[in-house]
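Asker: Structure in C-alpha cells, see below.
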Amino acid sequence: MSLNIAIVGYGKMGRMIERLAEVRGHRIAARFDIDNNPDGTGLTAETLSGVDVAIEFSTPDTVLSNVNRLVALRLPVVVGTTGWYQQLAAVKAEVEKQQAALVYGANFSLGVNLFFRLVQQAGALFAQYAEYDPYLLEAHHRFKKDAPSGTALVLADQLRQSYGERTPSAASIRAGHIPGTHEVGFDSEADTITLTHTARNREGFAAGAVLAAEKIIGKQGVFEFSELLFA
Numbered sequence: 007m008s009l010n011i012a013i014v015g016y017g018k019m020g021r022m023i024e025r026l027a028e029v030r031g032h033r034i035a036a037r038f039d040i041d042n043n044p045d046g047t048g049l050t051a052e053t054l055s056g057v058d059v060a061i062e063f064s065t066p067d068t069v070l071s072n073v074n075r076l077v078a079l080r081l082p083v084v085v086g087t088t089g090w091y092q093q094l095a096a097v098k099a100e101v102e103k104q105q106a107a108l109v110y111g112a113n114f115s116l117g118v119n120l121f122f123r124l125v126q127q128a129g130a131l132f133a134q135y136a137e138y139d140p141y142l143l144e145a146h147h148r149f150k151k152d153a154p155s156g157t158a159l160v161l162a163d164q165l166r167q168s169y170g171e172r173t174p175s176a177a178s179i180r181a182g183h184i185p186g187t188h189e190v191g192f193d194s195e196a197d198t199i200t201l202t203h204t205a206r207n208r209e210g211f212a213a214g215a216v217l218a219a220e221k222i223i224g225k226q227g228v229f230e231f232s233e234l235l236f237a
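With the working numbering applied, the sequence shown corresponds to residues 7 to 237, in that order.
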C-alpha cells in the first residue's frame, strides 16, 4: 500500500522520514515547517488535499496546535514530538470527538520499544529483592529541549508498575553531541546490573514513524506506538 504522506516539522528528522518513506514506496505529498506553518495555520484542507496520513515531528511548543488542526481535519496523524503528554487526556477527548486517529510514542525505535519490555520485566524481577535500588539515567545532545526525555518517562512508568513510590526520577544530561542514551540500573551493596540503550542515529526513529503511519490507516482512536507494534 502506497501512501501520500505529509511531514509536519521538516527538520533533520523530517528529511530522514522522507528518505525512508520513499524507499518503502510512499510519496511525500506535503512538507511543513516554520516558514509555511506558523502556529499550525498552514495545515488546511487545501494544503493537505490528497494526503492519507501526517507525520508530526516539530517541537513541544508547536505540537498541540499542529495536532489539533490535523485531528479537526480527521487526518490520521503520527506524533513523534514529545514534551506534551500532560495534555494527552485533552487530545484523546478531541480525537474521540472528531472520530479521528492518532498514534503517539515517546520513541518510535523498534530497539527502544523492545528495551521498554526488557525494563518492565527486569523491574518485576528485581523488585522482589529489597537490597536492590533502581535508578534511571538519560543523556542527549544539547539541542534536545525536553528533560527528562519522553523515553525516560516511559521507562519510569515501566519501573513504577513494580516499584511504586520507590520509582526514581530520571537524571538528565544535556551536553555536546551525546547520542540518545538511556540506562536503567539496579544497585546493591554487592553489585550493579545495568540495561542500556544507545541510539547511533535517528534512522530507527524515522523507520518506526513510517511503520506507524502504515499501521494507523483505517483505524480510529488514540494508540501508543507499542500497541500497534506488538498487536
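Using N, Cα and C, we set each Cβ at its ideal position, and we do this for glycine too. Predicted model only: the values in this text are computed from it and were never measured.
(1) Could you tell me if His-203 is buried or exposed, where buried requires 16 or more neighbouring beta carbons within 10 angstroms of its beta carbon?
(2) Got a sec? Which residues, its chain only, sit under 7 Å from Arg-30 by beta carbon, not counting five neighbours each side?
(3) Measuring CB to CB, does Ala-162 end up less than 8 Å from Leu-142?
(4) Does the structure place the stretch 126-143 close enough to the stretch 167-174 that three or more beta carbon pairs sit under 8 Å?
(5) Name the residue from Thr-88, Glu-102, Gln-93, Gln-104 whose alpha carbon lies nearest to the alpha carbon of Asn-2.
(6) So Val-109 and Leu-201 are in contact, right, with Cβ under 8 Å, and what is the actual spacing, rounded?
(7) Does the Cβ of His-146 have 16 or more other Cβ atoms within 10 Å, making it buried, or fewer, making it exposed?
(8) Would you mind stating whether Ala-205 and Ser-115 have Cβ atoms separated by less than 8 Å?
(9) Can the beta-carbon of Lys-225 be found less than 8 Å from the beta-carbon of Ala-107?
(10) Would you decide whether Phe-211 is buried or exposed? Buried here means 16 or more other CB atoms lie within 10 Å of its CB.
(11) Please state whether the Cβ-Cβ distance between Gly-56 and Asp-39 is less than 8 Å.
Answerer: Looking at the coordinates:
(1) buried
(2) Val-216
(3) yes
(4) yes
(5) Since the first residue of the chain shown is 7 and the last is 237, residue 2 is not available in this structure.
(6) The pair is not a contact, with the Cβ atoms about 26 Å apart (cut-off 8 Å).
(7) buried
(8) yes
(9) yes
(10) buried
(11) no
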